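Novice: Dumping the structure here so I can ask a few things about it.
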Amino acid sequence: MTEADPFQAAIRIAQASKSPMERAASALDGDRYKIFCATYASMRVIDDYVDDDFLARSAADRAAARPEALGVTQAWRAGAVAALADGASPAPTARFAETTSALAATHVLAGLDPTPWNRLAGAMARDINEAPMPDWPDFLAYAEGATAAPAAVFVETLALRKMGDGRLWTTLEKPAVETIRNSAVLLYLVHIMRDLAEDAAKGAELLTLPDTLFAEFGTSRTGFAADAANDADLVSRVRKGVAKYAEQFLEPAQAELMESAKFLTEDEADILLGLCLPYIEKYERFAAQS
């Protein structure tokens, strides 16, 4: 592989992430692995920009930088959608040029649904605006962009098949964001439960849970972020509240995984199960501890 390979930067980002999704995707054939890396890296860079660049700033700096950050997110979305639609490559000097170029290179190989990128952009804009999250429906609306987006692209990539035009197209009967919705939300909630104390230590801005959850335990998002490091019992009780909410997604998620056998080969279904089952088992452990 040479530096001229448009996928190289995306593959490097995906592999460096040490994501379970990348490890699962490594079992795919070469073209679908490249597609996975391009899509994953495209989403990873905007998420890292928002979490590690924008949200890591002081409140005053965030307020000053908010219009620019929203512009960056909108430009990222427009570039991704154009890359998917017709293989449009960005200017070499554009932000995220390497990952958008990799996404553009997928156009020759496959036709991909841009919906996940649009949804992720919406979730990132919510983070940048530090929009209120009063209750669980607000959380769910956010989660369906923030986590269902990459999971949907993963499932769509698994279901790609070569068609008459020589390109790969999905064989899913309904949009991928609907096919894997409950599994994606459950996995995201497991991530939140696992990283609860660590995220609190980084600041309230990274606690993407509703106000009503914190109020249930006599605190607020800001209060929890301040107290979590010295109050393991509070962390445990809030985690219990998350586990209680997550329970409603368990059976639908298991049904989605069983349903995957209808549109995936046995090996592909095993890849999906291998990705999801450890999270389901971790959820069950969290729920048992609660």
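Using this note's numbering, read the sequence shown as starting at 11 and increasing by one per residue. Built from N, CA and C at the ideal position, the CB exists for glycine as well. Note that the structure is a prediction, hence the values are computed from the model and not measured.
Can you tell which of 259, 286, 257 and 256 has its C-alpha closest to the C-alpha of residue 270?
Specialist: Here residue 270 is taken as the residue at index 260 of the sequence shown, counted from 1. Comparing Cα positions, the closest option is 286.
Novice: If you reduce the DSSP assignment to three classes, tell me which class residue 156 lands in.
Specialist: Your numbering for residue 156 matches position 146 in the sequence shown. DSSP places residue 156 in helix when its eight states are reduced to three.
Novice: Which whole runs of the beta strand (DSSP E) in the region 170-251 are 3 residues long or more, in chain order?
Specialist: If one requires a minimum length of 3 residues, the beta strand (DSSP E) runs lying completely within the region 170-251 are 170-172 and 178-180, in chain order.
Novice: On the CB-based measure, 16 or more other CB atoms within 10 Å of its CB, does residue 39 come out buried or exposed?
Specialist: Here residue 39 corresponds to residue number 29 of the sequence shown, with the count starting at 1. Exposed is the call here.
Novice: Out of 133, 46, 292 and 19, which has the shortest C-alpha to C-alpha gap to residue 170?
Specialist: Indexing the sequence shown from 1 puts residue 170 at position 160. Comparing Cα positions, the closest option is 46.
Novice: Closest to residue 182 by C-alpha separation, out of 168, 175 and 176, would be which residue?
Specialist: Here residue 182 is taken as the residue at index 172 of the sequence shown, counted from 1. Minimum Cα distance to residue 182 is reached at 168.
Novice: For the 8 Å Cβ check, are there 3 or more pairs between the region 61-77 and the region 116-126?
Specialist: no
Novice: Pairing CB atoms from the region 187-202 with CB atoms from the region 253-269, are three or more of them under 8 Å?
Specialist: yes
Novice: Considering only residues of the same chain and omitting the five flanking positions on each side of residue 145, which have a CB-CB separation below 6 Å?
Specialist: Counting from 1 along the sequence shown, the entry for residue 145 is found at position 135. Taken in chain order, the residues that qualify are 220 and 222.
Novice: What would DSSP say about residue 98, mapped onto helix, strand or coil?
Specialist: Here residue 98 refers to the residue found at position 88 when the sequence shown is read from its first residue. Residue 98: coil per DSSP, three-state reduction.
Novice: Could you pull out every residue in the same chain whose Cβ sits closer than 7 Å to the Cβ of residue 48, ignoring the five residues on either side in sequence?
Specialist: For the purposes of this step, residue 48 is taken as the residue at position 38 of the sequence shown. These residues qualify, in order along the chain: 17, 20, 112, 113, 115 and 116.
Novice: Shortest alpha-carbon distance to residue 295 belongs to which of 275, 203 and 119?
Specialist: As a position in the sequence shown, residue 295 is number 285, starting the count at 1. Answer by Cα proximity: 203.
Novice: Could you tell me which residues DSSP pairs with residue 51 in its beta bridges?
Specialist: As a working mapping, residue 51 is identified with position 41 in the sequence shown. Per DSSP, residue 51 has no beta-bridge partner at all.
Novice: Please report how far the alpha carbon of residue 11 lies from the alpha carbon of residue 108, in whole angstroms.
Specialist: One-based indexing of the sequence shown puts residue 11 at position 1. One-based indexing of the sequence shown puts residue 108 at position 98. Low per-residue confidence applies at residue 11: pLDDT is 39, beneath 50, and the placement is therefore not dependable, though the value from the model is reported in the following sentence. In a straight line, the C-alpha of residue 11 is about 15 Å away from that of residue 108.
Novice: Shortest alpha-carbon distance to residue 106 belongs to which of 235, 249, 263 and 58?
Specialist: Your numbering for residue 106 matches position 96 in the sequence shown. The residue with the shortest Cα to Cα distance from residue 106 is 58.
Novice: How many Å lie between residue 283 and residue 299 at the Cα?
Specialist: Working through the sequence shown from its first residue, we reach residue 283 at position 273. Working through the sequence shown from its first residue, we reach residue 299 at position 289. Taking the straight line joining both Cα atoms gives about 24 Å.
Novice: In this structure, how does DSSP classify residue 66 when only helix, strand and coil are distinguished?
Specialist: In the sequence shown, counting from the first residue as 1, residue 66 sits at position 56. Coil.
Novice: Buried or exposed for residue 134, please, with buried defined as at least 16 other CB atoms from any protein chain shown within 10 angstroms of its CB.
Specialist: As a working mapping, residue 134 is identified with position 124 in the sequence shown. Classification for residue 134: buried.
Novice: Pick from 97, 278 and 127: whose alpha carbon is nearest that of residue 55?
Specialist: In the sequence shown, residue 55 corresponds to position 45, counting from 1. If we check each option's Cα against that of residue 55, 127 comes out closest.
Novice: With DSSP as the reference, label residue 131 as helix, strand or coil.
Specialist: By one-based count along the sequence shown, residue 131 stands at place 121. Residue state, collapsed to three classes: helix.
Novice: Indicate the three-state DSSP secondary structure (helix, strand or coil) for residue 92 in the structure shown.
Specialist: Position 82 of the sequence shown, counting from 1, holds the residue named residue 92. Helix.
Novice: Let me know if residue 143 comes out buried or exposed under the rule of 16 or more other beta-carbons within 10 Å of its beta-carbon.
Specialist: Counting from 1 along the sequence shown, the entry for residue 143 is found at position 133. Buried: at least 16 other Cβ atoms inside 10 Å.
Novice: So, for residue 245: in the same chain, excluding its five sequence neighbours on each side, which residues have a beta-carbon less than 7 Å away from its beta-carbon?
Specialist: As a first step, residue 245 is located in the sequence shown; it is residue number 235 there, counting from the start. The beta carbon of residue 245 is closer than 7 Å to those of 206, 207 and 238 in its chain, skipping five residues each way along the sequence.
Novice: Whose C-beta lies closer than 8 Å to the C-beta of residue 32 among residues of the same chain, with five residues either side of it excluded?
Specialist: Within the sequence shown, residue 32 is the residue found at index 22, counting from 1. Excluding positions up to five away in sequence, the list reads 24, 25, 46, 47 and 50.
Novice: Check each candidate in 99, 93 and 53 and name the one with the smallest Cα separation from residue 83.
Specialist: In the sequence shown, counting from the first residue as 1, residue 83 sits at position 73. Closest option to residue 83, Cα to Cα, is 53.
Novice: Am I right that residue 98 and residue 104 are in contact with their C-beta atoms under 8 Å? What's the rounded C-beta distance?
Specialist: Counting from 1 along the sequence shown, the entry for residue 98 is found at position 88. Counting from 1 along the sequence shown, the entry for residue 104 is found at position 94. Between residue 98 and residue 104 a beta carbon distance of about 11 Å is seen, past the 8 Å cut, so the two are scored as non-contacting.
Novice: Going straight from the alpha carbon of residue 177 to that of residue 230, what length do you get?
Specialist: The count along the sequence shown starts at 1 and reaches residue 177 at position 167. The count along the sequence shown starts at 1 and reaches residue 230 at position 220. Spanning the two alpha carbons is a distance of roughly 50 Å.
Novice: May I ask whether a heavy atom of the ligand ADP can be found less than 7 Å away from the beta carbon of residue 53?
Specialist: Among the ligands in the structure shown, none appear at all, so the ligand ADP cannot be discussed.
Novice: Within the 8 Å Cβ cut-off, does residue 235 reach chain B?
Specialist: No chain B is present in this structure, which holds just one protein chain.
Novice: Terminal residues of the continuous alpha helix (DSSP H) containing residue 116?
Specialist: For the purposes of this step, residue 116 is taken as residue 106 along the sequence shown, with counting starting at 1. From DSSP, the alpha helix (DSSP H) with residue 116 extends over 107-119.
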